[in-house]
Amino acid sequence: MDIRKSCTQRMKKLLIALTLLGTLAGCAPIQPWVKPYEREHFADPIMSFGRDPISATYIDHVFESREGSRGATGGVGGGCGCN
Amino acid sequence: MQLTVSAKGWRTVVSARLGQCAKVLAALCVVGTPAIADVLPDDRADVMYHNYSGGGITIQGPSVLVRKKVGDNLSFSGSYYEDLISSASIDVKLSASPYHETRKQEGGSVDYLHGKTIYTAGYIHSREPDYEANTSYFAVSQSMFGDLTTVTMGYRRGWDNVYRDIRVNHVIQNDPNFHQQADHRAYTLSLSQILTRNAIFNFNFEAITDQGYLQSPYRETRYADPTKPDGFTLAPQIYPNTRTSNAASGQLKYYLPYRAAVTGMYRFFTDTWGIRGDTFELDYTQPAFRHWIFDGSARFYRQNAATFYSDLFPRANYQNFEARDRELAAFHSLSLGIGVSYEFHIPSAPWINKSSVNVHFNRLFIDYNDFRNALYSLNGVPGYFAGNEPLYHLDASILQAFVSIWF
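Chains as they are written, first to last, in this note's numbering: chain A, 791 to 873; chain B, 1022 to 1428.
1. Who are B/Tyr1330's beta bridge partners in DSSP?
2. Could you have a look at B/Tyr1279 and say whether DSSP puts it in helix, strand or coil?
3. Would you kindly work out how many angstroms separate the C-alpha atoms of B/Phe1392 and B/Ser1398, rounded to a whole number?
4. Find the residues of chain B that neighbour A/Ala807, judging by a C-beta separation of less than 7 Å, and give them in chain order.
5. Would you give the residue range spanned by the beta strand (DSSP E) that B/Lys1375 belongs to?
6. Suppose only complete runs of 4+ residues qualify. What are the alpha helix (DSSP H) ranges in the stretch 815-864 of chain A, listed by chain order?
7. Please state whether DSSP places B/Trp1427 in a helix, a strand or coil.
8. From B/Asp1181 to B/Ala1256, what distance separates their C-alpha atoms?
9. B/Ile1145 and B/Gln1163: beta carbons closer than 8 Å?
10. Straight-line CA distance for A/His831 to B/Leu1415?
11. In terms of DSSP beta bridges, what is B/Asp1132 paired with?
12. Quick check: is the beta carbon of A/Thr863 nearer than 8 Å to any beta carbon in chain B?
13. How is the alpha helix (DSSP H) around B/Tyr1397 delimited, first residue to last?
14. Are B/Phe963 and A/Ser859 closer than 8 Å when you measure CB to CB?
15. Could you tell me if B/Ser1098 is buried or exposed, where buried requires 16 or more neighbouring beta carbons within 10 angstroms of its beta carbon?
16. Using three-state DSSP, classify A/Leu810 as helix, strand or coil.
17. Tell me which residue opens and which closes the alpha helix (DSSP H) that B/Val1113 is part of.
18. Tell me the rounded alpha-carbon separation between B/Ala1056 and B/Gly1408.
19. Among B/Arg1384, B/Arg1311, B/Ser1376, which residue has its Cα nearest to the Cα of B/Gly1076?
20. Tell me the DSSP secondary structure of B/Gln1236 in three-state form.
21. Within a Cβ cutoff of 7 Å, which residues of the same chain sit near B/Ala1351, ignoring the five residues on either side of it in sequence?
22. At the level of alpha carbons, what is the spacing between B/Asp1067 and B/Pro1368?
23. Could you tell me whether the Cβ of B/Asp1112 comes closer than 8 Å to any Cβ of chain A?
24. Quick one: what does DSSP say B/Leu1420 is sitting in, helix, strand or coil?
25. For a contact meaning CB atoms closer than 8 Å, what does B/Pro1278 contact in chain A?
26. At which residue ranges does the stretch 1282-1328 of chain B contain complete beta strand (DSSP E) runs of 3 or more residues, listed in the order of the chain?
27. Just to confirm before moving on: does the CB-CB distance between B/Arg1336 and B/Ala1228 stay below 8 Å?
28. Excluding the 5 residues flanking B/Val1380 on each side, which residues of the same chain have their C-beta closer than 6 Å to its C-beta?
29. Nearest to B/Ala1160 by alpha carbon, out of B/Lys1090, B/Ser1356, B/Gly1404, B/Tyr1176?
30. What are the boundary residues of the beta strand (DSSP E) that includes B/Glu1364?
31. Taking B/Glu1343 as the reference, which of B/Leu1355, B/Ser1356, B/Phe1329 has the closest Cα?
32. Do the CB positions of B/Ser1107 and B/Thr1079 come within less than 8 Å of each other?
33. Judging by CA-CA distance, which residue of B/Arg1206, B/Ala1395, B/Thr1263, B/Ser1425 is the nearest neighbour of B/Lys1375?
34. Determine contact between the stretch 1183-1191 of chain B and the stretch 1228-1240 of chain B, defined as no fewer than three beta-carbon pairs at a distance below 8 Å.
35. Roughly how many angstroms separate the alpha carbons of B/Lys1114 and B/His1366, rounded to a whole number?
36. Run through the stretch 1223-1267 of chain B for me and flag every whole beta strand (DSSP E) of 3 or more residues, listed as ranges in chain order.
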């Protein structure tokens, strides 16, 4: 009986600890898994989506003028977070 | 005295398609301008000459794009684009005579940076003799999760005026009895995510709705007519006056260990006209010799036909909606491209941080599955009649030459 009571109390403490931990974790900001100093490759122009907007816009226009599909090309831009 | 309503058959494509350039450009601007959500784009200027040649059509002209920051939070951009069109395409040869025309387009936008958010607003105006397109757009871009993620949401509104040219006393002018309008709305969502220190992923979604006059006033369908020597008769197209489409794409870019980048892209498209399109693209970028950057690309595209498309309808007024635009046919295409850029500094212009001269060349091959070369039966080539002509095939060359400066 004492063993069962002890186990129950331990389980309660464990649940409280997990709940507290979860609550605190929910408040914590998400840590970036790629640190700013690890993003030097994204500062390289070759890693840019649509390195030359004037060219990307034109070639997308050429295709869109001849196809039934349109939109969602996303040719230019996109985030990099390399600053 | 209407000589040729279809006197500019290919103008269909040019007007209805090239005339939509403003929307295309706006879409790109909305989705793409905020490259980094808490950093305004670089100050730069580009001047380009472009040339498309294929299928009896040559479209060439200049294009200019300038972007400049004012203070720490504002960035303005202005653009000018021109198409000089010379057309003797298969569509023109089928029912009309070659023509020349010019399309001009101007645009402007402003970006405002506030914290980790960029607000973008812009306007584009495009005009040609028989088509006027106006587009306004607005987008919000937000950087989050330690700048690993950037989310962009955009809205675009377009309103067009469609006219039809007729020839009166050898002078081409707008038909005073023809004026149609079209309205377009687009909603975009873009997400950019840094995955690892070498990989970045882009997701784009775009929903577009159109209402109004969505067809060309020049293009025609054809139906079987055994009483004619060539076996067919031309008839006006009848499009639905609404269209809704959804497109989603994913792009993955990876930085290779020896300073090169490879990009893979897939786009899925579907609309209420029954078209489903798949786009696959692979790009490779290789810097070399300190000042040079070489690019290579391969793009494959395929689509099925719209539900109301047919190369040859069995009879006149066969169904409610009828179309024979090649863009609505079933086809697949392959585009192979190469590019080279040379970066240099101008010692006599210290205010220019960097300059580059660039040449890109693409070769486009389109194979239509259900669009036939009606010129065979029209010209009475022995052994050919309506419905058994060879399938149409199009090869085109696309050249871009441009100079860029960063200041």
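A virtual CB, placed ideally from N, CA and C, is assigned to each residue, including glycine.
Bear in mind the structure is a predicted one, so any value in this text is a computation, not a measurement.
With the structure as the only source:
1. On the second sequence, residue 1330 of chain B is found 309 positions in, with the first residue counted as 1. B/Tyr1330 pairs with B/Ala1344.
2. Position 258 of the second sequence, counted from the start, is the residue given in the question as residue 1279 of chain B. In this structure, B/Tyr1279 counts as coil in the three-state DSSP scheme.
3. Within the second sequence, residue 1392 of chain B is the residue found at index 371, counting from 1. Within the second sequence, residue 1398 of chain B is the residue found at index 377, counting from 1. Cα-Cα distance, rounded: 14 Å.
4. The residue labelled residue 807 of chain A in the question sits at position 17 within the first sequence. Neighbours of A/Ala807 on chain B: none; closest Cβ ~27 Å, over 7 Å.
5. Mapped onto the second sequence, residue 1375 of chain B falls at position 354. From DSSP, the beta strand (DSSP E) with B/Lys1375 extends over 1375-1393.
6. 843-856
7. Numbered from 1 along the second sequence, position 406 holds the residue referred to as residue 1427 of chain B. In this structure, B/Trp1427 counts as strand in the three-state DSSP scheme.
8. In the second sequence, counting from the first residue as 1, residue 1181 of chain B sits at position 160. In the second sequence, counting from the first residue as 1, residue 1256 of chain B sits at position 235. Looking at the two C-alpha atoms, the distance is approximately 25 Å.
9. As a working mapping, residue 1145 of chain B is identified with position 124 in the second sequence. As a working mapping, residue 1163 of chain B is identified with position 142 in the second sequence. Not in contact: B/Ile1145 and B/Gln1163 (Cβ atoms no closer than 8 Å).
10. Taking the first sequence and counting its residues from 1, the one referred to as residue 831 of chain A is at position 41. Taking the second sequence and counting its residues from 1, the one referred to as residue 1415 of chain B is at position 394. Distance between the alpha carbons of A/His831 and B/Leu1415 is about 40 Å.
11. Within the second sequence, the letter at position 111 stands for residue 1132 of chain B. Residue pairing by DSSP places B/Asp1132 opposite B/Ser1096, B/Thr1141 in a beta bridge.
12. Sequence index remark: in the first sequence, residue 863 of chain A carries index 73 (1-based). So, interface residue.
13. Locating residue 1397 of chain B in the second sequence gives position 376, counting from the first residue. Unbroken alpha helix (DSSP H) run through B/Tyr1397: 1396-1399.
14. Here chain B comprises residues numbered 1022 to 1428, so residue 963 of chain B is not present and cannot be evaluated.
15. One-based indexing of the second sequence puts residue 1098 of chain B at position 77. Counting Cβ neighbours within 10 Å, B/Ser1098 comes out buried, since at least 16 surround it.
16. Here residue 810 of chain A is taken as the residue at index 20 of the first sequence, counted from 1. Correct three-state label for A/Leu810: helix.
17. Looking up residue 1113 of chain B in the second sequence gives position 92. 1111-1116 is the extent of the alpha helix (DSSP H) around B/Val1113.
18. Here residue 1056 of chain B refers to the residue found at position 35 of the second sequence. Here residue 1408 of chain B refers to the residue found at position 387 of the second sequence. Confidence at B/Ala1056 is low in this model, with a pLDDT of 43, below 50, so its placement is unreliable and no value can be given for it.
19. Taking the first residue of the second sequence as 1, we reach residue 1076 of chain B at position 55. Among B/Arg1384, B/Arg1311, B/Ser1376, the Cα nearest to that of B/Gly1076 is on B/Arg1384.
20. The residue you call residue 1236 of chain B lines up with position 215 of the second sequence. In the structure shown, B/Gln1236 sits in coil (DSSP, three-state: anything other than H, G, I, E or B).
21. For the purposes of this step, residue 1351 of chain B is taken as residue 330 along the second sequence, with counting starting at 1. Gln1324, Asn1325, Ala1326, Asn1390, Asp1391.
22. By 1-based counting over the second sequence, the position of residue 1067 of chain B is 46. By 1-based counting over the second sequence, the position of residue 1368 of chain B is 347. Cα to Cα, the separation comes out at about 19 Å.
23. Stepping through the second sequence from its first residue, residue 1112 of chain B is reached at position 91. It does not; no Cβ of chain A falls within 8 Å.
24. As a first step, residue 1420 of chain B is located in the second sequence; it is residue number 399 there, counting from the start. DSSP places B/Leu1420 in strand when its eight states are reduced to three.
25. Start at 1 with the first residue of the second sequence, and residue 1278 of chain B comes out as number 257. Within chain A, no residue comes near B/Pro1278; the closest Cβ sits about 10 Å away, beyond 8 Å.
26. 1297-1309, 1313-1324
27. Sequence index remark: in the second sequence, residue 1336 of chain B carries index 315 (1-based). Sequence index remark: in the second sequence, residue 1228 of chain B carries index 207 (1-based). Cβ distance not < 8 Å, so B/Arg1336 and B/Ala1228 don't count as in contact.
28. The count along the second sequence starts at 1 and reaches residue 1380 of chain B at position 359. Val1361, Ala1422.
29. Numbered from 1 along the second sequence, position 139 holds the residue referred to as residue 1160 of chain B. Checking every option, the nearest Cα to that of B/Ala1160 belongs to B/Tyr1176.
30. Mapped onto the second sequence, residue 1364 of chain B falls at position 343. It spans 1352-1365 - the beta strand (DSSP E) in which B/Glu1364 sits, taken as one unbroken run.
31. The sequence position of residue 1343 of chain B within the second sequence is 322, counting from 1. Looking at the Cα atoms, B/Phe1329 is the closest of the given residues.
32. The residue you call residue 1107 of chain B lines up with position 86 of the second sequence. The residue you call residue 1079 of chain B lines up with position 58 of the second sequence. In contact: B/Ser1107 and B/Thr1079 (Cβ atoms closer than 8 Å).
33. The sequence position of residue 1375 of chain B within the second sequence is 354, counting from 1. That would be B/Ser1425, whose Cα lies nearest to the Cα of B/Lys1375.
34. yes
35. Residue mapping note: residue 1114 of chain B aligns to position 93 of the second sequence, counting from 1. Residue mapping note: residue 1366 of chain B aligns to position 345 of the second sequence, counting from 1. Going by the C-alpha atoms only, they are around 49 Å apart.
36. 1241-1245, 1253-1257
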